[in-house]
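Q:
In full-length UniProt numbering, the protein residues as written are 1 to 1097.
1. I need the DSSP call for residue 768, collapsed to helix, strand or coil.
2. Got a sec: is the Cβ-Cβ distance from residue 542 to anything in chain B below 9 Å?
3. Please confirm whether any heavy atom of the ligand ZN lies closer than 8 Å to the CB of residue 626.
4. I need the DSSP call for residue 1078, collapsed to helix, strand or coil.
5. Note down, in chain order, each residue of its chain lying with its Cβ closer than 7 Å to the Cβ of residue 29, except the 5 sequence neighbours on either side.
6. Please state if the CB of residue 740 and the CB of residue 783 are separated by a distance shorter than 9 Å.
7. In angstroms with no decimal places, state the Cα-to-Cα distance between residue 478 and residue 520.
8. Checking 9 Å against the spacing of the C-beta atoms, do residue 663 and residue 591 come in under that value?
9. Looking only at its own chain, which residues have a Cβ that is under 6 Å from the Cβ of residue 656, when we skip the five neighbours before and after it?
10. Where residue 1046 and residue 360 are concerned, what is the direct C-alpha to C-alpha distance, given to the nearest angstrom?
11. By the 10 Å Cβ neighbour count, where 16 or more other Cβ atoms means buried, how is residue 639 classified, buried or exposed?
12. Measure the alpha-carbon distance for residue 1080 versus residue 1061 and round it to whole angstroms.
13. Give me, in chain order, the residues of the same chain whose beta-carbon lies closer than 8 Å to that of residue 965; leave out the 5 immediate sequence neighbours on both sides.
14. What is the residue span of the alpha helix (DSSP H) that residue 493 lies within?
15. Kindly confirm or deny that the segment 1071-1088 and the segment 718-732 touch, where touching means at least three C-beta pairs closer than 8 Å.
16. Taking just the CA atoms, how far does residue 114 sit from residue 234?
17. State buried or exposed for residue 818, treating a residue as buried only when at least 16 other CB atoms are found within 10 Å of its CB.
18. Would DSSP call residue 1084 helix, strand or coil?
19. Which stretch, first to last residue, makes up the beta strand (DSSP E) that contains residue 693?
20. What residues in its chain sit with their C-beta under 8 Å from that of residue 471, if we drop five residues either side in the sequence?
21. Can you tell me which residues form a DSSP beta bridge with residue 370?
22. Where does residue 751 sit, in a helix, a strand or coil, going by DSSP?
23. Considering only the alpha carbon of each residue, which of 927, 865, 869, 843 lies closest to residue 797?
24. Does the beta-carbon of residue 333 have 16 or more other beta-carbons within 10 angstroms, so that it is buried, or is it exposed?
25. Using DSSP bridges, identify the partner residues of residue 853.
26. Which residue's Cα is closest to the Cα of residue 261: 232, 268, 737, 283?
27. State the DSSP-derived secondary structure class of residue 307, mapped to helix, strand or coil.
28. Does the separation of the CB atoms of residue 794 and residue 858 fall below 9 Å?
29. Classify residue 355: buried if its beta carbon has 16 or more other beta carbons within 10 angstroms, exposed otherwise.
30. Take the Cβ of residue 937 as the centre, count every other Cβ of all protein chains shown within 10 Å, and call the residue buried at 16 or more, exposed below.
31. So, using beta-carbon positions, are residue 301 and residue 286 closer together than 9 Å?
32. May I ask you to report which of helix, strand or coil DSSP gives residue 932?
33. Give the range of the alpha helix (DSSP H) segment to which residue 604 is assigned.
34. Here's the rule I'm using: 16 or more other beta-carbon atoms within 10 Å means buried, otherwise exposed. How should residue 577 be labelled?
35. Taking three-plus beta-carbon pairs below 8 Å as touching, is the segment 811-829 in contact with the segment 839-853?
36. Please name the residue, chosen from 654, 939, 1095, that lies closest to residue 579 on a Cα-to-Cα basis.
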């Protein structure tokens, strides 16, 4: 602590690791003088400290620097260590790693934030870490902290040393309220230097009398400390010319203030920019000149200079360490035994599936947290308690509502004194009557009243008085300042706005208390649930890491909440506004009645006092008050100001309710928000275009790039952190996806994957609505909907950001295609600047846009399900035309009601929902520039396979086979497959489980499925080789390559549209030297001759 009037900083645990080249520089070699004989010992001591050996029972050797303020302690340490550090102090409470640095220029900033961390004990130190401290306040809660920051410097060939620069001792505080610092610092110094393992460096400036040193006094009062102390005389260059050196000679000789290790004199350059080597050269030149070479001081030359001090300190530290070693070994053994006993109390580590056990516990934790946020039970009182806090927040705003003094000083002369003939009331100074009860006034209906339960929190105890008390003159002055010329005695709108601004100015205080109370409540709940679920691991690193993650997340969340709430407050404060005119008029009317009635009674009471007609009997007094009218009291000179105050109070009531609601909604929006995901998988009657591959396996489970098609969407969903529930919706049999769900749950343990089977094909929207109860369980705010037969990069994170930025009801993924192909898809017309969808048409007859629907959506649950419900209602209430009517069969041309009701639930997002959503202003499109295509036909799996493989190759996926002379990337080979080293594969090739590729074979742009075999010297290009199929030696199976930009897998041959990709179904066989081109072969066929452009049945 350098100055009492500035923050006293200390450190938590800052580690600096300089590069070897820097640390080998000449300027840093000076520090090695201290440790040249004990480098290994010092390093071991520091290692023991780093692993937590040092505690209140084991004290390792250390050096403590003490002295009064401004005695050059920090400069001394900088000179010894050759490392500018700035003012810092160190102590050890519970070690907490703060940050690790590798550059010198980062040290000063890191120390500053570490110091702020310990000067704010009420905040988590994680909030102050450089790089994570955005928005952290630089104010400090306390001026001094006994906690410390330890700065460890380590590098190759560099000894690890730590100095404890204790705060400067003070004898007088600048302010009376800071007197406690004198004793606090003194006790801290005593605590350190009383330790037998401590070498004390006492700094005494040669600009002051040594007898004035408070630090020396404290040191001598500690038993045995002076024997372990080495004195350092500083600032010799500031001794006045002609001043005697006799005092310092006596000290060096040991005649005065004798210390166990004598004294040294050092001269340090106060400029931190000066290099260490230069400072030492300047110091040597200084002591090689008079008066230091004169006869009086020459005998003490071996005690002049920092280098000689370093040498002496090295010897002392070595002796200290050697003397402590036996005790340290014994203490370490004792602590090791104590730790072993503590370890016996820890649970055994999981011996089986660690990931499964941890995920199970995390699921349990998530369920408990979700139950607390949903409430509805006495076991989960979070919402109940938070509701009380919110009620108290509103009550605090009402209690602190500004009020007005009913009477003004000028009211005493506002009405004439009318003497009564029967009384002596013409006296100008009547005796002031005794204090009486207030006259009867109407109750203030806005003041909060305790609830029947009597429950209240203590968070808002400081908000019990009106935040401001206006006078009628204040209001008049505000009106006159705002009033425009030519409109006297009128309430100016600007004046009313100013009054409203002043009335709500104090809202930020209760608001911040409410946010803090809310987050503390949530934090207590989360940590309580964490302790209960992970009670077995309470003393493990796992528990501490989970706790750290929760606290860090809550800190970020609190910052986000606070920023939002402050923005909301600024709007309320600077821009008073309401559209609730009826509510405002009613509140203003009530407030005017209340204020005018109380104002009249107060004036009447004053009138009676001035008239001397103030009977002690309350009933008579009340009767007298009722008799008084405006005729006796005269017109109220503040009539206009009463109306203005009533308008202000009315607005306050309306705005305060809105402010409480909007502040509370910050919590509701962020804490309870969740996301679910639905993958639409279709059913067996669909996917006919995927034959012959779908004859043996549902299309969603067909493998491209080594994984089922729906796996790629699932992997993208795993990157969205708050998704827990994923539903597969379709009408396949339940057993179809059982194994896939089981395997996927192991790979993505954060997901609960469930298959929801439709009773019939309900369409892409009908299935969502049919299972709405399951989807809406837990009250998710939004849902991702993915079509299973989509191949793309799934930019779900970007869609989510757009959704939140625009406060959207729906976001659709779009991409650009050729104009000729656009009409085969749903087309989107959008505003290129706002990204809002203006118009949507599914497969239009003519061109309207080349931005098409990619089949990936993000919906707000409050939007999508009402939209589907509206579509169902339109279908059931409007007859559906099934043929063009004629006059003869007009009635039969419409579907019967029964049939219509059966089909009313069959709805498609593309045809029935999206067009209506485009009519809203909250439907947006995210246009992807990355790859996209549909997987409709069997042949489309080949280009999809290529796209996924290329994406994996760009991401340097470990699943792909490394490139080589025979592997042209990207290539995926299943670990169980067998590929001859001479076979050449790639690019864009996937080899399935147990597949065999023979010698000299060539495979390109193809998918080889499970158990398939390609004989030696065969060639397979642009093809799919089905399960257990065989391609003979020297055979050639090939399709026709298609451009990446096209979305068709068909070509025209001789005027006939044919499949461009060759596909062999399950267990097909191609004979040796047989050529197959552009063909589709159904399962279990054998091809013994060349074929081209055919479908082999």
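Ideal placement from N, C-alpha and C gives every residue a C-beta, glycine not left out.
A: Checking against the coordinates, here is how it stands:
1. What you label residue 768 is simply residue 768 of the chain shown in a count that begins at 1. Note: residue 768 maps to helix in three-state DSSP.
2. Protein chains in the displayed structure number just one, and chain B is not present.
3. The ligand ZN is not among the ligands present in this structure, which contains no ligands whatsoever.
4. One-based indexing of the chain shown puts residue 1078 at position 1078. Here residue 1078 sits in coil by DSSP.
5. For the purposes of this step, residue 29 is taken as the residue at position 29 of the chain shown. Because residue 29 sits at a pLDDT of 48, beneath the cut-off of 50, its placement in the model cannot be relied upon, and the point is left open.
6. Translated into positions along the chain shown, residue 783 becomes position 783. Translated into positions along the chain shown, residue 740 becomes position 740. For residue 783 and residue 740, no; Cβs fall outside 9 Å.
7. Working through the chain shown from its first residue, we reach residue 478 at position 478. Working through the chain shown from its first residue, we reach residue 520 at position 520. Approximately 41 Å between the Cα atoms of the pair.
8. For the purposes of this step, residue 663 is taken as the residue at position 663 of the chain shown. For the purposes of this step, residue 591 is taken as the residue at position 591 of the chain shown. It is not a contact, given that the beta carbons lie outside the stated cut-off.
9. Residue mapping note: residue 656 aligns to position 656 of the chain shown, counting from 1. Excluding residues within five positions, the ones whose Cβ falls inside 6 Å are 397.
10. Your numbering for residue 1046 matches position 1046 in the chain shown. Your numbering for residue 360 matches position 360 in the chain shown. C-alpha separation (whole angstroms): 46 Å.
11. Within the chain shown, numbered from 1, the residue matching residue 639 stands at position 639. The residue is exposed, with fewer than 16 neighbouring Cβ atoms inside 10 Å.
12. Counting from 1 along the chain shown, the entry for residue 1080 is found at position 1080. Counting from 1 along the chain shown, the entry for residue 1061 is found at position 1061. Spanning the two alpha carbons is a distance of roughly 8 Å.
13. By one-based count along the chain shown, residue 965 stands at place 965. Excluding residues up to 5 positions away in sequence, nothing lies with its Cβ nearer than 8 Å to the Cβ of residue 965 in the same chain.
14. Within the chain shown, the letter at position 493 stands for residue 493. Counting along the chain, residue 493 sits inside the alpha helix (DSSP H) bounded by residues 493-504.
15. no
16. Here residue 234 refers to the residue found at position 234 of the chain shown. Here residue 114 refers to the residue found at position 114 of the chain shown. Near 28 Å, if we compare the C-alpha coordinates of residue 114 and residue 234.
17. Here residue 818 refers to the residue found at position 818 when the chain shown is read from its first residue. That one is exposed.
18. Position 1084 of the chain shown holds residue 1084. Looking at residue 1084 - three-state DSSP - the assignment turns out to be coil, as it is neither helix nor strand.
19. The residue given as residue 693 occupies position 693 in the chain shown. Neither: residue 693 is in no beta strand (DSSP E) and is coded neither H nor E.
20. Locating residue 471 in the chain shown gives position 471, counting from the first residue. Within the same chain, residue 471 has close Cβ partners 404, 405, 408.
21. Here residue 370 refers to the residue found at position 370 of the chain shown. Answer is none; residue 370 lacks a bridge partner.
22. As a working note, residue 751 is residue 751 in the chain shown. Correct three-state label for residue 751: coil.
23. Counted from its first residue, the chain shown places residue 797 at position 797. The shortest Cα separation from residue 797 among 927, 865, 869, 843 belongs to 927.
24. Residue 333 sits at position 333 when you count from the first residue of the chain shown. Classification for residue 333: exposed.
25. For the purposes of this step, residue 853 is identified with residue 853 of the chain shown, where counting begins at 1. As DSSP reads the structure, residue 853 sits in a beta bridge with 814.
26. Residue numbering aside, residue 261 sits at position 261 when the chain shown is read from its first letter. Per the Cα distances, 232.
27. Taking the first residue of the chain shown as 1, we reach residue 307 at position 307. Secondary structure of residue 307 (DSSP, three-state): helix.
28. For the purposes of this step, residue 794 is taken as the residue at position 794 of the chain shown. For the purposes of this step, residue 858 is taken as the residue at position 858 of the chain shown. Their beta carbons are not under 9 Å apart, which means residue 794 does not touch residue 858 by this criterion.
29. As a working mapping, residue 355 is identified with position 355 in the chain shown. With fewer than 16 other Cβ atoms within 10 Å, it is exposed.
30. Numbered from its first residue, the chain shown carries residue 937 at position 937. It is buried - the Cβ of residue 937 has at least 16 other Cβ atoms within 10 Å.
31. Walking along the chain shown from the start, residue 301 turns up at place 301. Walking along the chain shown from the start, residue 286 turns up at place 286. Against a cut-off of 9 Å, the Cβ pair of residue 286 and residue 301 comes out as no contact.
32. Position 932 of the chain shown holds residue 932. Reduced to three states, the DSSP call for residue 932 is strand.
33. Numbered from 1 along the chain shown, position 604 holds the residue referred to as residue 604. Run containing residue 604: 581-611, per the alpha helix (DSSP H) assignment.
34. By 1-based counting over the chain shown, the position of residue 577 is 577. Residue 577 is exposed by the Cβ-count criterion.
35. Yes, since at least three Cβ pairs between the segment 811-829 and the segment 839-853 fall closer than 8 Å, the two stretches touch.
36. Mapped onto the chain shown, residue 579 falls at position 579. Comparing Cα-Cα distances from residue 579 to each of 654, 939, 1095, the minimum goes to 654.
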